[in-house]
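Enquirer:
Number of protein chains: 2
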Amino acid sequence: MSKTIGVLGGGQLGKMLFESGSPSNINYVFLEKSVDCPAALVCRHQIVGDLKDGDKIKQLSSRADVITYEIEHVNVAALKDLENEGKSIIPKPDVLSIIQDKGLQKEFYSNHDIPTLSFVNCTKENLHKEVESWPDEPFVLKHRKGGYDGKGVQILTKNQFKELHSSADQSLMSADGYVIEKMAKNAVEVSVIVAVSQKLNSVSYTPCEMVFDPRSNLMDYLISPSRLSDKINNLCEVIAQKTVEAFCSPGLFAVELFVEPNGKVFVNEIAPRPHNSGHHTIESTYTSQYEQLNRILLNQPLGDTSLIQHAATCNIVGPKNVTGRYYIDKLDKVLEIPGVYVHMYGKSETSPNRKLGHYTILGKNQEAVEKKLMKVKKILTIKSA
Amino acid sequence: MSKTIGVLGGGQLGKMLFESGSPSNINYVFLEKSVDCPAALVCRHQIVGDLKDGDKIKQLSSRADVITYEIEHVNVAALKDLENEGKSIIPKPDVLSIIQDKGLQKEFYSNHDIPTLSFVNCTKENLHKEVESWPDEPFVLKHRKGGYDGKGVQILTKNQFKELHSSADQSLMSADGYVIEKMAKNAVEVSVIVAVSQKLNSVSYTPCEMVFDPRSNLMDYLISPSRLSDKINNLCEVIAQKTVEAFCSPGLFAVELFVEPNGKVFVNEIAPRPHNSGHHTIESTYTSQYEQLNRILLNQPLGDTSLIQHAATCNIVGPKNVTGRYYIDKLDKVLEIPGVYVHMYGKSETSPNRKLGHYTILGKNQEAVEKKLMKVKKILTIKSA
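These protein sequences, in sequence, are chains A and B.
Take the first sequence: its letter number 234 is residue 233 in numbering that gives the first Met the number 0, and every next letter is one higher.
Take the second sequence: its letter number 349 is residue 348 in numbering that gives the first Met the number 0, and every next letter is one higher.
(1) Kindly indicate which residue of A:Asn275, A:Gly48, A:Leu292, A:Asp80 has the alpha-carbon position closest to the one of Tyr358 of chain A.
(2) With DSSP collapsed to three states, give me the class of Lys230 of chain B.
(3) Where are the beta strand (DSSP E) runs, 3 residues long or more, that stay fully inside the region 0–73 of chain A, in chain order?
(4) Could you have a look at Thr280 of chain A and say whether DSSP puts it in helix, strand or coil?
(5) Identify each residue in the region 182–210 of chain B for which the Cβ-Cβ distance to at least one residue of chain A is less than 7 Å, and report them in chain order.
(6) Would you give the residue range spanned by the alpha helix (DSSP H) that Gln291 of chain B belongs to?
(7) Taking the beta carbon of Pro249 of chain A as the centre, do at least 16 other beta carbons fall within 10 Å, making it buried, or is it exposed?
(8) Against Asn24 of chain A, what residues of chain B qualify as contacts under a CB-to-CB distance less than 7 Å, listed in chain order?
(9) Beta carbon of Lys377 of chain B, beta carbon of Tyr326 of chain B: below 8 Å?
(10) Could you give the distance in angstroms between the alpha-carbon of Glu188 of chain A and the alpha-carbon of Leu227 of chain A?
(11) So, does the region 235–243 of chain A touch the region 252–263 of chain A, judging by three or more C-beta pairs under 8 Å?
(12) For the alpha helix (DSSP H) holding Phe160 of chain B, just list the boundary residues, first then last.
(13) Using the beta-carbon of each residue, which ones in chain B are nearer than 8 Å to Arg43 of chain A?
(14) Let me confirm a value: Gln159 of chain B is counted as buried when at least 16 other C-beta atoms fall within 10 Å, else exposed. Which label applies?
(15) Could you tell me the alpha carbon to alpha carbon distance between Asn293 of chain A and Leu16 of chain A, rounded to whole angstroms?
(16) Please report the residue range of the beta strand (DSSP E) in which Asp328 of chain B lies.
(17) Identify the continuous beta strand (DSSP E) that holds Phe246 of chain A and give its terminal residues.
(18) Nearest to Pro114 of chain B by CA position, among B:Arg324, B:Val264, B:Met343, B:Ser203, is which residue?
(19) Count the other CB atoms within 10 Å of the CB of Ala63 of chain B; is the residue buried (16 or more) or exposed (fewer)?
(20) How many angstroms separate the CA atom of Leu199 of chain B from the CA atom of Pro224 of chain B?
(21) According to DSSP, which residues form a beta bridge with His357 of chain B?
(22) So what's Thr242 of chain A in DSSP terms, helix, strand or just coil?
(23) For Leu171 of chain B, which residues of its own chain have a beta-carbon under 7 Å away from its beta-carbon, when the five flanking residues on both sides are left out?
(24) For Glu71 of chain A, tell me which candidate among A:Val6, A:Leu140, A:Glu369 has the shortest Cα-Cα distance.
(25) What's the gap between the Cα of Lys32 of chain B and the Cα of Leu372 of chain A?
(26) Can you tell me the Cα-Cα spacing of Asn320 of chain A and Pro318 of chain B, whole angstroms?
(27) Under 8 Å by Cβ, that's how I've got Val178 of chain B and Lys105 of chain B pegged, so tell me the actual separation to the nearest angstrom.
(28) Counting only Cβ pairs nearer than 8 Å, list the residues of chain A close to Leu334 of chain B.
(29) Any beta carbon from chain A within less than 8 Å of Tyr285 of chain B's own beta carbon?
(30) Alpha carbons only, please: which of B:Asn267, B:Gln99, B:Leu330 is nearest the one belonging to Gly145 of chain B?
(31) Look up Lys91 of chain B in the DSSP assignment and give the residues it is bridged to.
(32) Please determine, among B:Pro337, B:Pro137, B:Asp49, B:Lys91, the residue with the shortest C-alpha to C-alpha distance to Pro300 of chain A.
(33) Give the straight-line distance between the Cα atoms of Asp135 of chain A and Lys157 of chain A, rounded to the nearest whole angstrom.
(34) Please tell me whether Gly338 of chain A has its Cβ less than 8 Å away from any Cβ of chain B.
(35) Within 10 angstroms of its Cβ, does Ile154 of chain A collect 16 or more other Cβ (buried), or is it exposed?
(36) Are Leu81 of chain A and Ser60 of chain A closer than 8 Å when you measure CB to CB?
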């Protein structure tokens, strides 16, 4: 009777997906080349193989009733073939084709009347010309393909670009082409998780704000609801839902948005899978992003997305000076604070900036959450074992 | 670095213990004779063997840093041997020695000044004489040993007893002896989960009330907080904590209490493990009973036990007319109701009254919870597959 979900990828998102399905005994099988990946800690059904390997993807399909992916960098053609044979692939492979190419993604938004920052797509050949005719202000230069976690994205002035160009810098040699994009001005970065059922009903979660460290300018933590006004938060949800609906596909999506101080909202990009900015939903909402994806995959009704309490999430990343085996120092001190949930991804070794886990903090209001967060940030340290 | 928890028993409590430890990657190994038990669905480290088998328990011990049990009917002598060799067994085997014998348990309460209903312990030889001198009112007759889930417990009038006695009924032939106990009068049945750390600090959870069906007189559902006054709820927590502290052992305990309409509270019995009445804590509190037990076993600080929302739990049991493979009918209709969490224990076949799973319902107040509960009870049905 019970259906099996096939997952491309066995990272922490796969592990958390499994954990959310375990109470109702959902069956999973996942494809992942590393045998000691996070998902392997909880799920015994693994096909060992590369996410680009069409044969392995077929094998996965033969063992699953429905297929999803927890990472975008997979063999889309293989998924399309399976879809054409009648297999249920969620989200649809077409979504991947669009979002794997940042240029196509931007065009998709402008074609669908979805607010996004001005841009121009170009090849490596006409890049120089396009930059020259760009307004005289810093811009964002993105590789159309292959970027991940900020890689392949540069913020440049025209002068900086000229220097790179005259030195024939490797970063300007991508055969896949580029997007030149306007920079958001003093924008708040917000993410909205949107869930779309197989019947194409959709619901959104309360916006989550990425809070940046003013000194390092790196993302420090995530907080939900965002600290924007209710009106703007609502607008973010409306735009996020419209964006996702334009893809006409079931699935769970994270929509990253820029909100400028004047209240203008722009779609940056989407991720067609559970997202960092939705980790907190495990503890803070009635239906976590993972349970929601399970419901979608099993063609069950969508769950309630209401936020029960204010929440914050902070990544636990490998510090610069530690590599190899590690432990969390003073974990006990952290666990003494009520409403703190530590998730570890089962990675046996750390390296600088490696995502090892995250923690979520619940509280009655934003102040309570931030107070606890500052406490945990001071205490929790990754040390060499 | 990371410790391994050894668990005697691989039932649903073991499965839920594992599920609560999975986000922080706790290692488990469990002993259970059935290879397709609930825990085996999530934990790949099983020793196949009987819970009475001393050698298998030693094997478990050799693979674990700390031992616990999710069922009382285990080989206590083997656990005591291991404890004497310096192994950490939580709760202490002495607790099991006391609670495995209902007569000893009752004596323990009276010796420790813990309120419990009047009783007398007797052998099968002097049972008749003791019943004759008992006040002329219905009483509870319990086998001192081996009872489970209501088995070995009878409510009798003196006349009913005489009939059984004159027919030399099998139920009066236990070599382990009996407890004759006064019946609680129109009592509300309440359970309080108490957690004791390795440093013997203790915390209690909000009382949970067992609500009985007035027609069948069988337990219908559990609700937390109980519908008693705050004052009585507090008293229940105080008495439960005192009861557990008397055992001088770390562990997680459920204390079952009778509350009479005059406000008198009596301890019925304790279970030294996660309990049915604590299932709701998975969704309703900051720290579930399972996470709490993990913290105790790993010598971490106790977690916050506050109830975040009102909650109810109802067992999903095999109906009388269905055996073999089964499915949940109209699960989709249930999943449409917000704040409903269905847990299934992975039992492939049903039989009449078999516990197949449970569901927990969250709501802002008791009325909201009970309203949803009535809805789910009407919808959810187990059918033959």
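C-beta: ideal position from N, C-alpha, C; glycine also.
Expert: Taking the coordinates as given:
(1) For this step, residue 358 of chain A is matched to residue 359 along the first sequence. When only C-alpha atoms are compared, the closest one is A:Asn275.
(2) One-based indexing of the second sequence puts residue 230 of chain B at position 231. Three-state DSSP puts Lys230 of chain B in a helix.
(3) Taking only runs of at least 3 residues, the beta strand (DSSP E) segments lying wholly in the region 0–73 of chain A are 3–7, 26–31, 45–47, 65–68.
(4) Residue numbering aside, residue 280 of chain A sits at position 281 when the first sequence is read from its first letter. Three-state DSSP puts Thr280 of chain A in a helix.
(5) So nothing in the stretch comes that close.
(6) For the purposes of this step, residue 291 of chain B is taken as residue 292 along the second sequence, with counting starting at 1. Looking at the DSSP string, the run of the alpha helix (DSSP H) that includes Gln291 of chain B is 288–296.
(7) Taking the first residue of the first sequence as 1, we reach residue 249 of chain A at position 250. Pro249 of chain A should be labelled buried.
(8) Here residue 24 of chain A is taken as the residue at index 25 of the first sequence, counted from 1. For Asn24 of chain A, the residues of chain B that pass the 7 Å Cβ criterion are Leu40, Met343, Gly345, in the order they occur in the chain.
(9) Residue numbering aside, residue 377 of chain B sits at position 378 when the second sequence is read from its first letter. Residue numbering aside, residue 326 of chain B sits at position 327 when the second sequence is read from its first letter. Taking 8 Å as the Cβ cut-off, Lys377 of chain B and Tyr326 of chain B do not qualify as a contacting pair.
(10) Looking up residue 188 of chain A in the first sequence gives position 189. Looking up residue 227 of chain A in the first sequence gives position 228. Within the model, the alpha-carbon separation for Glu188 of chain A versus Leu227 of chain A is close to 10 Å.
(11) Contact holds: three or more Cβ-Cβ distances are below 8 Å.
(12) As a working mapping, residue 160 of chain B is identified with position 161 in the second sequence. Here the alpha helix (DSSP H) through Phe160 of chain B covers 157–165.
(13) Position 44 of the first sequence holds residue 43 of chain A. At a beta-carbon threshold of 8 Å, the residues of chain B lying near Arg43 of chain A are Arg43, ordered along the chain.
(14) For this step, residue 159 of chain B is matched to residue 160 along the second sequence. Label assigned to Gln159 of chain B: exposed.
(15) Against the first sequence, residue 293 of chain A aligns to sequence position 294. Against the first sequence, residue 16 of chain A aligns to sequence position 17. When rounded, the distance between both Cα atoms is 7 Å.
(16) Taking the first residue of the second sequence as position 1, residue 328 of chain B is located at position 329. From DSSP, the beta strand (DSSP E) with Asp328 of chain B extends over 323–328.
(17) As a working mapping, residue 246 of chain A is identified with position 247 in the first sequence. From DSSP, Phe246 of chain A is part of no beta strand (DSSP E); its letter is neither H nor E.
(18) Residue 114 of chain B sits at position 115 when you count from the first residue of the second sequence. Out of B:Arg324, B:Val264, B:Met343, B:Ser203, the CA that lies nearest to the CA of Pro114 of chain B is found in B:Val264.
(19) Taking the first residue of the second sequence as position 1, residue 63 of chain B is located at position 64. That one is buried.
(20) Position 200 of the second sequence, counted from the first residue, corresponds to residue 199 of chain B. Position 225 of the second sequence, counted from the first residue, corresponds to residue 224 of chain B. The alpha-carbon separation between Leu199 of chain B and Pro224 of chain B amounts to approximately 25 Å.
(21) The residue labelled residue 357 of chain B in the question sits at position 358 within the second sequence. In the DSSP secondary-structure assignment, His357 of chain B is bridged to B:Asn314, B:His342.
(22) Walking along the first sequence from the start, residue 242 of chain A turns up at place 243. Of the three classes helix, strand and coil, the one that applies to Thr242 of chain A here is helix, per DSSP.
(23) Along the second sequence, read from residue 1 onward, the residue named residue 171 of chain B stands at position 172. Shown here for Leu171 of chain B: same chain residues with a beta carbon closer than 7 Å to its own, the five before and five after excluded, namely Lys123, Leu126, Leu163, His164 in chain order.
(24) Within the first sequence, the letter at position 72 stands for residue 71 of chain A. The residue with the shortest Cα to Cα distance from Glu71 of chain A is A:Val6.
(25) Residue numbering aside, residue 32 of chain B sits at position 33 when the second sequence is read from its first letter. Residue numbering aside, residue 372 of chain A sits at position 373 when the first sequence is read from its first letter. Going by the C-alpha atoms only, they are around 45 Å apart.
(26) Position 321 of the first sequence, counting from 1, holds the residue named residue 320 of chain A. Position 319 of the second sequence, counting from 1, holds the residue named residue 318 of chain B. Roughly 60 Å between the two C-alpha positions.
(27) Within the second sequence, the letter at position 179 stands for residue 178 of chain B. Within the second sequence, the letter at position 106 stands for residue 105 of chain B. That pair is a contact at about 6 Å.
(28) Counted from its first residue, the second sequence places residue 334 of chain B at position 335. Correct list: Arg294, Gln299, Pro300, Gly302.
(29) Along the second sequence, one-based indexing puts residue 285 of chain B at 286. Yes, because at least one Cβ of chain A sits closer than 8 Å to the Cβ of Tyr285 of chain B.
(30) As a position in the second sequence, residue 145 of chain B is number 146, starting the count at 1. If we check each option's Cα against that of Gly145 of chain B, B:Gln99 comes out closest.
(31) To locate residue 91 of chain B, count along the second sequence from 1; it is residue 92. According to DSSP, which records beta bridges pairwise, Lys91 of chain B is partnered with nothing at all.
(32) Counted from its first residue, the first sequence places residue 300 of chain A at position 301. Residue nearest to Pro300 of chain A within the set B:Pro337, B:Pro137, B:Asp49, B:Lys91 is B:Pro337 (criterion: CA-CA distance).
(33) Counting from one through the first sequence, the residue named residue 135 of chain A turns up at place 136. Counting from one through the first sequence, the residue named residue 157 of chain A turns up at place 158. Their backbone Cα atoms lie some 7 Å apart in a straight line.
(34) For the purposes of this step, residue 338 of chain A is taken as the residue at position 339 of the first sequence. Yes, its Cβ sits closer than 8 Å to a Cβ of chain B.
(35) In the first sequence, the residue the question calls residue 154 of chain A occupies position 155. Ile154 of chain A sits exposed, since fewer than 16 C-beta atoms from the chains shown fall within 10 Å of its C-beta.
(36) For the purposes of this step, residue 81 of chain A is identified with residue 82 of the first sequence, where counting begins at 1. For the purposes of this step, residue 60 of chain A is identified with residue 61 of the first sequence, where counting begins at 1. Going by C-beta atoms, Leu81 of chain A is nearer than 8 Å to Ser60 of chain A.
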